[in-house]
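Some notes on the structure that comes next.
There are 2 protein chains.
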Amino acid sequence: MKTNAASAVNAIIPHLTPAKESGTGVAPANIALCKYWGKRNEELKLPLTGSLSISLGPLGSTTTIAFSDQDQFVLGDSEQELDSKAATRLFGFLDNFRPPGTYFQVTSTNTIPMAAGLASSASAFAATVKALNELFEWNLDTKGLSILARLGSGSASRSIEHGFVEWFAGSQEDGSDSYAEKIDLEWPEFRIGILTLSSEKKSIGSSQGMKRTMETSALYNSWPQEVNRALPLIRTAITEKNFPMLGSAAEQNALSMHATMISSWPPILYWKPETITALHQVQLLRAEGIEVYATMDAGPNVKLIFLEEQEALISEAFPDLQIVAPFQPIPKSST
Amino acid sequence: MKTNAASAVNAIIPHLTPAKESGTGVAPANIALCKYWGKRNEELKLPLTGSLSISLGPLGSTTTIAFSDQDQFVLGDSEQELDSKAATRLFGFLDNFRPPGTYFQVTSTNTIPMAAGLASSASAFAATVKALNELFEWNLDTKGLSILARLGSGSASRSIEHGFVEWFAGSQEDGSDSYAEKIDLEWPEFRIGILTLSSEKKSIGSSQGMKRTMETSALYNSWPQEVNRALPLIRTAITEKNFPMLGSAAEQNALSMHATMISSWPPILYWKPETITALHQVQLLRAEGIEVYATMDAGPNVKLIFLEEQEALISEAFPDLQIVAPFQPIPKSST
Numbered sequence: 000m001k002t003n004a005a006s007a008v009n010a011i012i013p014h015l016t017p018a019k020e021s022g023t024g025v026a027p028a029n030i031a032l033c034k035y036w037g038k039r040n041e042e043l044k045l046p047l048t049g050s051l052s053i054s055l056g057p058l059g060s061t062t063t064i065a066f067s068d069q070d071q072f073v074l075g076d077s078e079q080e081l082d083s084k085a086a087t088r089l090f091g092f093l094d095n096f097r098p099p100g101t102y103f104q105v106t107s108t109n110t111i112p113m114a115a116g117l118a119s120s121a122s123a124f125a126a127t128v129k130a131l132n133e134l135f136e137w138n139l140d141t142k143g144l145s146i147l148a149r150l151g152s153g154s155a156s157r158s159i160e161h162g163f164v165e166w167f168a169g170s171q172e173d174g175s176d177s178y179a180e181k182i183d184l185e186w187p188e189f190r191i192g193i194l195t196l197s198s199e200k201k202s203i204g205s206s207q208g209m210k211r212t213m214e215t216s217a218l219y220n221s222w223p224q225e226v227n228r229a230l231p232l233i234r235t236a237i238t239e240k241n242f243p244m245l246g247s248a249a250e251q252n253a254l255s256m257h258a259t260m261i262s263s264w265p266p267i268l269y270w271k272p273e274t275i276t277a278l279h280q281v282q283l284l285r286a287e288g289i290e291v292y293a294t295m296d297a298g299p300n301v302k303l304i305f306l307e308e309q310e311a312l313i314s315e316a317f318p319d320l321q322i323v324a325p326f327q328p329i330p331k332s333s334t
Numbered sequence: 000m001k002t003n004a005a006s007a008v009n010a011i012i013p014h015l016t017p018a019k020e021s022g023t024g025v026a027p028a029n030i031a032l033c034k035y036w037g038k039r040n041e042e043l044k045l046p047l048t049g050s051l052s053i054s055l056g057p058l059g060s061t062t063t064i065a066f067s068d069q070d071q072f073v074l075g076d077s078e079q080e081l082d083s084k085a086a087t088r089l090f091g092f093l094d095n096f097r098p099p100g101t102y103f104q105v106t107s108t109n110t111i112p113m114a115a116g117l118a119s120s121a122s123a124f125a126a127t128v129k130a131l132n133e134l135f136e137w138n139l140d141t142k143g144l145s146i147l148a149r150l151g152s153g154s155a156s157r158s159i160e161h162g163f164v165e166w167f168a169g170s171q172e173d174g175s176d177s178y179a180e181k182i183d184l185e186w187p188e189f190r191i192g193i194l195t196l197s198s199e200k201k202s203i204g205s206s207q208g209m210k211r212t213m214e215t216s217a218l219y220n221s222w223p224q225e226v227n228r229a230l231p232l233i234r235t236a237i238t239e240k241n242f243p244m245l246g247s248a249a250e251q252n253a254l255s256m257h258a259t260m261i262s263s264w265p266p267i268l269y270w271k272p273e274t275i276t277a278l279h280q281v282q283l284l285r286a287e288g289i290e291v292y293a294t295m296d297a298g299p300n301v302k303l304i305f306l307e308e309q310e311a312l313i314s315e316a317f318p319d320l321q322i323v324a325p326f327q328p329i330p331k332s333s334t
């Protein structure tokens, strides 16, 4: 039998008996250092290739789910229409976990600056799954949580844990081996800089963008080779704390992902003029001996990675940079 | 025996006996619609893939070569130092054609706007070969001229003739089947618009750029597949005068070439902020139903292709556009 999302969920959760009145989950956003671009299974959100990310420390989502007399979704300060895109996607996912005749009241807050074009769906679905785990008292391990989160949004599989996280592509048709695992290593000096260049809505969403790339870009045929190049380098660089090795592998991988988009038809050109200016500036800083590397997701904004010792110089070059220290203790006010 | 440039030349030319005091050649510049990016043999300038171009009508080079008592190279109004990059490259090529104890006086003019970043080496080497053909009265056919021009600069093989020209990759080690041939078709309404966005010197030359791409970009492994996609489409589109088919295949191919550069390390990012603005504007014009497509070479500038009927609208959108009509009679003053 072909696995669908519902049967993939049922293979993991032990029961659907309400255990508490409400459950709460907290999950960080993440930025991939080796990117996820392209699915081998759309419904199960199984990726064609593995990927590896760093969490964004205090930036993420907190979600509380309570049983109620009707479905309701409050995001930040505002109640969402149930037929909105966000609510439809959320309840479409929650339908997999709904005991007969029950309703969910979902309250969610994000500490991710929405304008930065950072994906909030990763932390949102990870926090949702953690909230469900508490609501039903499943006591799932991180592998189970990661698989459930993946069924909501692929990259959410990498948002169950903090720090460096690798999501295995897996090879099983039912997705049972496609989950993310934390790399047991702290790198306190690691910094991420978020450069918000444009807050315009993306011209094409990630899922549609991946699909168009897979269908129309001849260069995408070599994307698995690019991941096979970058992923082992990034793993080794993390283990050895070799920052230039990590940075160069990550920047090349991010630009290669955009290259597959640019070679699609119609071309997926998320870049803005400011994107080019920032990418050139990063190259110039490196030419001056400053170890800073760029990464980008499906949008025009540029994220920088660097170490604490370069923070002052890089802040000077990019005055509007929002800096995140993923291995520093998270301030109470953010969680 | 491995073929070098000298033996490749000797396989084509019938003799090196001076026949005239001087010879003159005229050749057009060309813009590839299906790009050449990557050599299978550096010395013989044999490409990994085929390519197809359109000539730039009146824009090109005129070169006169005369026997003299010393080597001399006059480009436009200015005599070039013999140890300059341009003179070294030119005389390095001419050494293959030098009867013992002779010297060449070379006078060359370009009608190519240098600031536009259009390659002048293609028309320059094609004109040089035509001048030699006259100087020695070889009466070579266009195939022989194309091979000789290729040995000076790969894309010069496509500048022997006007109009649409295809350069065959060939498979022979000596390059004897890697030459360009004119497609016997006129398309009087065809227009090329040259958008000069930056006249800065390129950060990396084409030959070095190709080399870096081949050595470092995993996506380049699929470049031959991209050419196999685009080249037959472009051929068919020309034969059927199907402009949207031609334009879309050419734009995707040009952006795919840049995608291979962007995925190299260090990244080859010829694009400027203005490049992105122009590419987005082309997409917007198409969304409004105006059939205009972009192509780009190894540099930041964008070239547009469109048909005569759209010329007014496109000139309005791009007021600084220099428009070339490759199939219109060439004004006497330009040749």
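These protein sequence lines map, in sequence, to chains A and B.
One point on numbering: in numbering that gives the first Met the number 0, the residue at position 102 of the first sequence is 101, and numbering is uninterrupted.
One point on numbering: in numbering that gives the first Met the number 0, the residue at position 209 of the second sequence is 208, and numbering is uninterrupted.
Every residue, glycine too, gets a C-beta built ideally from N, C-alpha and C.
Out of curiosity, what's the CA-to-CA distance linking residue i and residue j?
{"i": "A/Gly288", "j": "A/Leu320", "result": "20 Å"}
{"i": "A/Ile191", "j": "A/Ser52", "result": "12 Å"}
{"i": "A/Ala18", "j": "A/Leu134", "result": "6 Å"}
{"i": "A/Asp94", "j": "A/Phe72", "result": "14 Å"}
{"i": "B/Ser6", "j": "A/His257", "result": "43 Å"}
{"i": "B/Val8", "j": "B/Ala65", "result": "20 Å"}
{"i": "A/Val104", "j": "A/Gln69", "result": "Checking the sequence shown, residue 104 of chain A turns out to be Gln, not Val. Computed Cα separation, rounded: 7 Å."}
{"i": "A/Val226", "j": "B/Thr16", "result": "58 Å"}
{"i": "B/Pro27", "j": "B/Leu55", "result": "6 Å"}
{"i": "B/Met213", "j": "B/Asn252", "result": "17 Å"}
{"i": "B/Asp140", "j": "A/Pro299", "result": "51 Å"}
{"i": "A/Met209", "j": "A/Ser216", "result": "10 Å"}
{"i": "A/Thr101", "j": "A/Trp137", "result": "18 Å"}
{"i": "B/Thr276", "j": "A/Arg157", "result": "35 Å"}
{"i": "A/Pro57", "j": "A/Trp166", "result": "21 Å"}
{"i": "B/Asp173", "j": "B/Lys38", "result": "14 Å"}
{"i": "A/Glu42", "j": "A/Ser206", "result": "11 Å"}
{"i": "B/Asp76", "j": "B/Val291", "result": "37 Å"}
{"i": "B/Leu131", "j": "B/Val164", "result": "22 Å"}
{"i": "A/Leu268", "j": "B/Pro272", "result": "13 Å"}
{"i": "A/Leu312", "j": "A/Ile182", "result": "29 Å"}
{"i": "B/Phe90", "j": "B/His279", "result": "43 Å"}
Quick check: residue i and residue j, are their CB atoms within less than 8 Å of each other?
{"i": "B/Leu32", "j": "B/Ala249", "result": "yes"}
{"i": "B/Gly143", "j": "B/Pro46", "result": "no"}
{"i": "A/Ile159", "j": "A/Ala179", "result": "yes"}
{"i": "A/Leu254", "j": "B/Ile261", "result": "yes"}
{"i": "A/Ala168", "j": "A/Ser177", "result": "yes"}
{"i": "A/Ser221", "j": "B/Asn220", "result": "yes"}
{"i": "A/Glu308", "j": "A/Glu188", "result": "yes"}
{"i": "B/Trp186", "j": "B/Lys129", "result": "no"}
{"i": "A/Ile237", "j": "A/Leu184", "result": "yes"}
{"i": "B/Phe124", "j": "B/Ala85", "result": "no"}
{"i": "B/Trp36", "j": "A/Ser247", "result": "no"}
{"i": "B/Pro266", "j": "B/Gly162", "result": "no"}
According to the neighbour-count rule (16 or more other Cβ atoms, all chains shown, within 10 Å of its Cβ), is residue i buried or exposed?
{"i": "B/Arg149", "result": "buried"}
{"i": "B/His14", "result": "exposed"}
{"i": "B/Thr339", "result": "What is shown of chain B runs 0 to 334, which leaves residue 339 of chain B out entirely."}
{"i": "A/Thr294", "result": "buried"}
{"i": "A/Gly22", "result": "buried"}
{"i": "B/Leu196", "result": "buried"}
{"i": "B/Gly59", "result": "buried"}
{"i": "A/Arg228", "result": "buried"}
{"i": "B/Thr259", "result": "buried"}
At a cut-off of 7 Å, is residue i close to the ligand GDP when judged by its beta-carbon and the heavy atoms of the ligand?
{"i": "A/Gln280", "result": "Absent from the structure shown: the ligand GDP. Ligands present: none."}
Since residue i and residue j are thought to touch, with beta carbons under 8 Å apart, how far apart are those beta carbons, to the nearest angstrom?
{"i": "B/Leu230", "j": "B/Gly49", "result": "6 Å"}
{"i": "B/Leu74", "j": "B/Ser122", "result": "Not confirmed; about 13 Å, so no contact."}
{"i": "A/Ile302", "j": "A/Ile233", "result": "Correcting the residue type first, residue 302 of chain A is Lys in the shown sequence and not Ile. About 15 Å separates the two Cβ atoms, so there is no contact after all."}
{"i": "A/Glu310", "j": "A/Ile322", "result": "7 Å"}
{"i": "B/Thr61", "j": "B/Ala4", "result": "At roughly 24 Å, the Cβ-Cβ gap does not stay under 8 Å, so B/Thr61 and B/Ala4 are not in contact."}
{"i": "B/Gly151", "j": "B/Phe92", "result": "5 Å"}
{"i": "B/Lys201", "j": "B/Ala297", "result": "7 Å"}
Is there at least one Cβ from chain C nearer than 8 Å to residue i's Cβ?
{"i": "B/Ala258", "result": "No chain C appears in the structure shown, which is made up of the protein chains A and B."}
Could you give the uninterrupted runs of the alpha helix (DSSP H) lying entirely in the region 193 to 245 of chain A, keeping only those of 4 residues or more? Taking 4 residues as the minimum length, the alpha helix (DSSP H) runs contained wholly in the region 193 to 245 of chain A are 205 to 215 and 222 to 238, in order along the chain.
Suppose only complete runs of 4+ residues qualify. What are the alpha helix (DSSP H) ranges in the region 24 to 92 of chain A, listed by chain order? Correct list: empty.
Please go through the region 235 to 318 of chain A and give each complete alpha helix (DSSP H) segment of 4 or more residues, from N-terminal end onward. Runs found: 242 to 261, 272 to 286 and 310 to 316.
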